[in-house]
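Colleague: To start, I am sharing the structure in question, which I have written as structure tokens.
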Amino acid sequence: MALIRKSKQFKWHRKHLLGLRELSAEEITFILDTAKGFEQISTRSVKKAPPLRGKVVVNLFFEDSTRTRNSFALAASRLSADIIEFTEKASSVSKGETLLDTARNLEAMGIDIVVIRHSAGGAPKFLSRNINACVVNAGDGFCEHPTQGLLDVYTIRKIKGTLEGLKIAIVGDIAHSRVARSDMWAMTKLGAEVIFVGPPTLMPTQLSRLPVSVSYSLDEVIEKVDVINMLRIQFERLGGNPFPSIREYSHYFGLTVERMKRAKPDILVMHPGPINRGLEMESEVADGQNSVILQQVTNGLAVRMAVLFLVNQAAAIAKR
Amino acid sequence: MNTEILIKNGRVIDPANGIDKKCDVLIVDEKIAEVGEKTQDSRLKTQDFKVIDAVGKLVVPGLIDIHVHFREPGDEEEETIASGSAAAVAAGFTSVVCMPNTNPPIENETDVEYIHRKARQARKTHVYTMGAITKGLEGVELAEMGFMAEAGAVGFTDDGRGVQDPSVMLRALKYAAMFDVVMAQHCQDDSFAGNGVMNAGYYSTILGLPGADVLAEEAMLWRDVQLVKKIRPGRIRYHAQHISTAGSVELIRAAKRDSLPITCEVTPHHLLLTEECCAEYDTNYKVNPPLRGSEDVEALKQAVAEGLVDALVTDHAPHLQSEKELEFLTAPFGIASLECALGLYVKALIGPGILDWPDLVRLMTEKPAKIIGVDKGTLGVGKQGDVTIIDPDAEYKVDVSKFRSKSRNCPYHGWTLKGRVDKTIVGGEIRFSAGD
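Residue numbers (this note's numbering), protein chains in the order written: chain A, 1 to 320; chain B, 1001 to 1436.
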């Protein structure tokens, strides 16, 4: 296809996208380059291309999601695939079908690509070992959310030109964030320096072995960074009482207009959505001139088209 | 009718009696009749007389595993006392101790007698059981430990969980002092363990799985040490089950230095595997306490080398394949390792030179027998005729499809191990022969 730029003989060979930890910088760059080619489909009058015609994509979502699910559905439809929507609260062991049985049943219907979101870390990997269809991870527990990580670096690269040498702060509930993990892998592999910012009670264990630095003070970090990614406080995942009150959290880690005054003028403000306005960031910041939050959503579509395209292509090559 | 078994020319290792030499063992009826040289011919008067040539083999007291889950009553699809004890005898064990976390739990004398009856019907190994410390393993009200002890329960534990409330545990320890039984604890403070499904550390972080901190184990062990100190003197014996962390080793070291009546056990998986094994979300590595870091494994080996560990156990925890074929987050905890246990200990402890055979045998016979207070684990004359014959150099490949256990959740499938059980004699009867 003319849409695809052949970057230096590189051949994409993965029929699953499970996480960014296992990808090389070259593979990540290849996805981003592929996505660039797909961006223009969404600006045409006929927003459709044929590469997945006759293929079936199932959106297998065991957790609530609006934008990721819609983004995948739209990406699949722009590539002319048929889409099955499967939404269910994560099945418990005692009642209902196991994940494996659900997937095998879907596969028996002849699906080609499973896009899965699940509350258990590793669920996509587990699935990929047990079924023949391509598996794309749309978020697993607090392990990874690879397409979010890809669209984040895509957005940064598009505006800044490169990730190389950038300082990027990821702020908030790192412990329970799959976005933080996928961002960390993608950003550091592409040469950026990542700083995790948040209260110690929301940091994962053994940070020393991760390729990041850590700060408990947004005030210290805000002046230094080129990009700031504000994570959503996920009330549904917070166990116990990791901070005393929302008020106190916002005081230390909220991105306020006041704090923004001390940031670099060309800082990019990102958020994976949905935003708790007034909590992680003030509305003026979310809607302000440094915010690229809506561009992230737009770019997500191109990135997901690229991912669906590439895994399908790899599966076709593997079959031959 | 008398029966006799003469085991000739083996290397007889009986740590309790300081024996490690090439000689013969004679079993008459159900008991050890003689251990010495040139035992043959002197007693060839019986009708049923068997001679076993054990040249090149080890002849040791029947092995004892004081921590197994045979799932009966309640989960017979995973294991039964019959299938579990068949697996045990094939692995050289002549005695095992079942944990009481069945469904319903073992919490009164009828339950204890049920286990014994099933074991008699199975006619494989001696099967003992521990009883629950608290009713329903709920950690609130004491179970009828007295009646259970009278029915033959060899100790008490809420294994699968720890007794959370310190005042309940203190009461249990005090009360149990009446009965001269061992009080065993699965050390796990639930407030630290949370909903952890693996060790809290680098791997739980990158795998996005909730971790259980080492503190969950260490905090409860520390607490229990204080409780034991508090109620001394008494007849209390406390046993820390499946310790897994370097911090726990420290606590045991200190407790033994203070001569407290505290013993502990380790499993093969905590000696051989680390949290890194979970990296591919293989649920056969999901176990509780979880696999820890390599520094913990080293500390446990060091503890064995120093003599701080009193028993080697399997914590054999069978599960159906369909239960393990789930997301790592939801699959049940447990490893079924009974049938390759000896080879695993050899690999973990004899291979690297941490223990020699007499030391290993001691930790699988004499010392565990002492912990549960049964008159076993030696080849002393007059003792019950429980003998295991081991081919120390025979290598074999672990093949879960050949397990006598009903379950296959064993991460050692395909491993090559050394040290194979050749014969298992229980109560003067050959219950297992290799090749059968």
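From the three backbone atoms N, C-alpha and C, an ideal C-beta is built for every residue, glycine too.
Drop a sphere of 10 angstroms on the beta-carbon of T147 (chain A), count the other beta-carbons inside from all chains shown, and report buried for 16 or more, exposed for fewer.
Modeller: Taking the first residue of the first sequence as position 1, residue 147 (chain A) is located at position 147. So T147 (chain A) ends up on the buried side.
Colleague: Would you report the Cα separation of D1315 (chain B) and Y1345 (chain B), rounded to the nearest angstrom?
Modeller: Here residue 1315 (chain B) refers to the residue found at position 315 of the second sequence. Here residue 1345 (chain B) refers to the residue found at position 345 of the second sequence. Roughly 13 Å separates the two Cα atoms.
Colleague: CB N137 (chain A) to CB I116 (chain A), shorter than 8 Å?
Modeller: Along the first sequence, one-based indexing puts residue 137 (chain A) at 137. Along the first sequence, one-based indexing puts residue 116 (chain A) at 116. For N137 (chain A) and I116 (chain A), yes; Cβs fall inside 8 Å.
Colleague: Near P274 (chain A), what residues of its chain come up, given a Cβ to Cβ distance below 8 Å and the 5 sequence neighbours on each side ignored?
Modeller: Along the first sequence, read from residue 1 onward, the residue named residue 274 (chain A) stands at position 274. The answer, listed in chain order, is T66, R67 and R232.
Colleague: Tell me which residue opens and which closes the beta strand (DSSP E) that D1422 (chain B) is part of.
Modeller: As a working mapping, residue 1422 (chain B) is identified with position 422 in the second sequence. Segment T1416 to V1426, the beta strand (DSSP E) holding D1422 (chain B).
Colleague: Looking at C-alpha atoms only, which residue of B:S1204, B:F1070, B:T1365 and B:G1160 is the closest neighbour of G1380 (chain B)?
Modeller: Within the second sequence, numbered from 1, the residue matching residue 1380 (chain B) stands at position 380. The candidate whose alpha carbon is nearest that of G1380 (chain B) is B:T1365.
Colleague: Quick one: does G198 (chain A) have its CB under 8 Å from some CB of chain B?
Modeller: Position 198 of the first sequence, counted from the start, is the residue given in the question as residue 198 (chain A). Not closer than 8 Å to any Cβ of chain B, the Cβ of G198 (chain A) fails to qualify, so no.
Colleague: Mind checking which residues open and close the beta strand (DSSP E) that includes N1009 (chain B)?
Modeller: The residue given as residue 1009 (chain B) occupies position 9 in the second sequence. T1003 to D1014 is the extent of the beta strand (DSSP E) around N1009 (chain B).
Colleague: Classify T1292 (chain B): buried if its beta carbon has 16 or more other beta carbons within 10 angstroms, exposed otherwise.
Modeller: For the purposes of this step, residue 1292 (chain B) is taken as the residue at position 292 of the second sequence. The sequence shown places Arg at residue 1292 (chain B), rather than the Thr named in the question. The residue in question, R1292 (chain B), is buried, as its Cβ has 16 or more Cβ neighbours within 10 Å.
Colleague: Any C-beta of chain B sitting closer than 8 Å to the C-beta of E144 (chain A)?
Modeller: In the first sequence, the residue the question calls residue 144 (chain A) occupies position 144. Chain B, which has a Cβ nearer than 8 Å to the Cβ of E144 (chain A), makes this yes.
Colleague: How many Å lie between D183 (chain A) and H1069 (chain B) at the Cα?
Modeller: Sequence index remark: in the first sequence, residue 183 (chain A) carries index 183 (1-based). Sequence index remark: in the second sequence, residue 1069 (chain B) carries index 69 (1-based). In a straight line, the C-alpha of D183 (chain A) is about 43 Å away from that of H1069 (chain B).
Colleague: How would you list, in chain order, the residues of chain B whose beta-carbon sits under 7 Å from the beta-carbon of D140 (chain A)?
Modeller: As a position in the first sequence, residue 140 (chain A) is number 140, starting the count at 1. Ordered by position in chain B, the residues that pass the 7 Å Cβ test against D140 (chain A) are G1208.
Colleague: Here's the rule I'm using: 16 or more other beta-carbon atoms within 10 Å means buried, otherwise exposed. How should H13 (chain A) be labelled?
Modeller: Looking up residue 13 (chain A) in the first sequence gives position 13. Taking all protein chains in view, the Cβ of H13 (chain A) is surrounded by fewer than 16 other Cβ atoms within 10 Å, so the residue is classified as exposed.
Colleague: For F1246 (chain B) and I1262 (chain B), which I take to be in contact (beta-carbon distance under 8 Å), what is that distance rounded to the nearest angstrom?
Modeller: In the second sequence, residue 1246 (chain B) corresponds to position 246, counting from 1. In the second sequence, residue 1262 (chain B) corresponds to position 262, counting from 1. The question names Phe, but residue 1246 (chain B) in the sequence shown is Ala. A1246 (chain B) to I1262 (chain B), Cβ: 17 Å. No contact.
Colleague: Quick one: which chain B residues come within Cβ less than 7 Å of R178 (chain A)?
Modeller: For the purposes of this step, residue 178 (chain A) is identified with residue 178 of the first sequence, where counting begins at 1. What R178 (chain A) touches in chain B: G1208.
Colleague: Return the chain-ordered list of same chain residues with a C-beta closer than 6 Å to the C-beta of A1434 (chain B), the five sequence neighbours on each side being excluded.
Modeller: The count along the second sequence starts at 1 and reaches residue 1434 (chain B) at position 434. So the list reads D1422, once near-sequence residues are dropped.
Colleague: Compute the Euclidean distance between the alpha carbons of K224 (chain A) and Y252 (chain A), then round it to the nearest angstrom.
Modeller: What you label residue 224 (chain A) is simply residue 224 of the first sequence in a count that begins at 1. What you label residue 252 (chain A) is simply residue 252 of the first sequence in a count that begins at 1. Cα to Cα, K224 (chain A) sits roughly 17 Å from Y252 (chain A).
Colleague: Name, in chain order, the residues that DSSP records as bridge partners for D1053 (chain B).
Modeller: Working through the second sequence from its first residue, we reach residue 1053 (chain B) at position 53. Per DSSP, B:K1008.
Colleague: Is C1278 (chain B) helix, strand or coil by DSSP?
Modeller: Against the second sequence, residue 1278 (chain B) aligns to sequence position 278. Of the three classes helix, strand and coil, the one that applies to C1278 (chain B) here is helix, per DSSP.
Colleague: So with CB distances below 8 Å, who are the chain A contacts of G1211 (chain B)?
Modeller: Numbered from its first residue, the second sequence carries residue 1211 (chain B) at position 211. Within chain A, the residues near G1211 (chain B) are T205.
Colleague: Can you give the beta carbon distance from A1279 (chain B) to Y1203 (chain B), rounded, assuming they're within the 8 Å contact cut?
Modeller: For this step, residue 1279 (chain B) is matched to residue 279 along the second sequence. For this step, residue 1203 (chain B) is matched to residue 203 along the second sequence. Contact flag correct, Cβ pair sits at about 6 Å.
Colleague: Among the candidates A:V214, A:R78, A:V197 and A:E258, whose CA atom is the shortest distance from the CA of S45 (chain A)?
Modeller: Taking the first sequence and counting its residues from 1, one reaches residue 45 (chain A) at position 45. It is A:R78 whose Cα lies nearest to the Cα of S45 (chain A).
Colleague: List, in order along the chain, the chain A residues whose C-beta lies closer than 7 Å to that of E1276 (chain B)?
Modeller: For the purposes of this step, residue 1276 (chain B) is identified with residue 276 of the second sequence, where counting begins at 1. Chain A residues near E1276 (chain B): none, gap ~12 Å exceeds 7 Å.
Colleague: Count the C-beta pairs between the stretch 1109 to 1125 of chain B and the stretch 1330 to 1349 of chain B that are closer than 8 Å, then say yes if the count reaches three, no if not.
Modeller: no
Colleague: Using a cut-off of 9 Å between C-beta atoms, extract the partners of R181 (chain A) located in chain B.
Modeller: Against the first sequence, residue 181 (chain A) aligns to sequence position 181. Below the 9 Å Cβ cutoff, chain B contributes T1205, I1206 and G1208 as neighbours of R181 (chain A), in chain order.
Colleague: Could you please tell me which residues of the stretch 1302 to 1329 of chain B, in chain order, have their CB closer than 7 Å to any CB of chain A?
Modeller: For the stretch 1302 to 1329 of chain B, which is checked against every Cβ of chain A, the residues closer than 7 Å are E1325, L1326, E1327, F1328 and L1329.
Colleague: From this set, B:I1106, B:A1394 and B:V1400, which residue's C-alpha is nearest K1057 (chain B)'s C-alpha?
Modeller: As a working note, residue 1057 (chain B) is residue 57 in the second sequence. For K1057 (chain B), the nearest C-alpha among the options comes from B:A1394.
Colleague: Nearest to T323 (chain A) by CA position, among A:P199, A:R247 and A:V153, is which residue?
Modeller: The structure shown has nothing for residue 323 (chain A), since chain A only spans 1 to 320.
Colleague: Rounding to the nearest angstrom, what Cα-Cα distance links L1360 (chain B) and K1022 (chain B) in this structure?
Modeller: For this step, residue 1360 (chain B) is matched to residue 360 along the second sequence. For this step, residue 1022 (chain B) is matched to residue 22 along the second sequence. Taken atom to atom, the span from the alpha-carbon of L1360 (chain B) to that of K1022 (chain B) is near 18 Å.
Colleague: Does the stretch 1397 to 1408 of chain B come within contact of the stretch 1075 to 1095 of chain B, defined as at least 3 CB pairs closer than 8 Å?
Modeller: yes
Colleague: Using a Cβ cut-off of 8 Å (strictly closer), state whether A1299 (chain B) contacts chain A.
Modeller: Start at 1 with the first residue of the second sequence, and residue 1299 (chain B) comes out as number 299. No, because no Cβ of chain A sits closer than 8 Å to the Cβ of A1299 (chain B).
Colleague: For A1305 (chain B), which residues in the same chain have their Cβ closer than 8 Å to its Cβ, ignoring the five residues on either side in sequence?
Modeller: Looking up residue 1305 (chain B) in the second sequence gives position 305. Same-chain partners within the cutoff: I1354 and L1355.
Colleague: Grouping DSSP H, G and I as helix and E and B as strand, with all else coil, what is R1431 (chain B)?
Modeller: Counted from its first residue, the second sequence places residue 1431 (chain B) at position 431. If DSSP states are grouped into helix, strand and coil, R1431 (chain B) belongs with the strands.
Colleague: Kindly give me the distance between the Cβ atoms of L1449 (chain B) and G121 (chain A), rounded to whole angstroms, as I take these residues to be in contact under 8 Å.
Modeller: In the structure as shown, chain B starts at 1001 and stops at 1436, and residue 1449 (chain B) therefore has no counterpart that could be examined.
Colleague: Can you pull the DSSP bridge partners for Q1384 (chain B)?
Modeller: Against the second sequence, residue 1384 (chain B) aligns to sequence position 384. Answer is B:K1031, bridged to Q1384 (chain B).
Colleague: Ordered along the chain, which non-local residues of its own chain (more than five positions away) have a Cβ less than 6 Å from that of I293 (chain A)?
Modeller: Taking the first sequence and counting its residues from 1, the one referred to as residue 293 (chain A) is at position 293. Cβ within range, chain order: H271.
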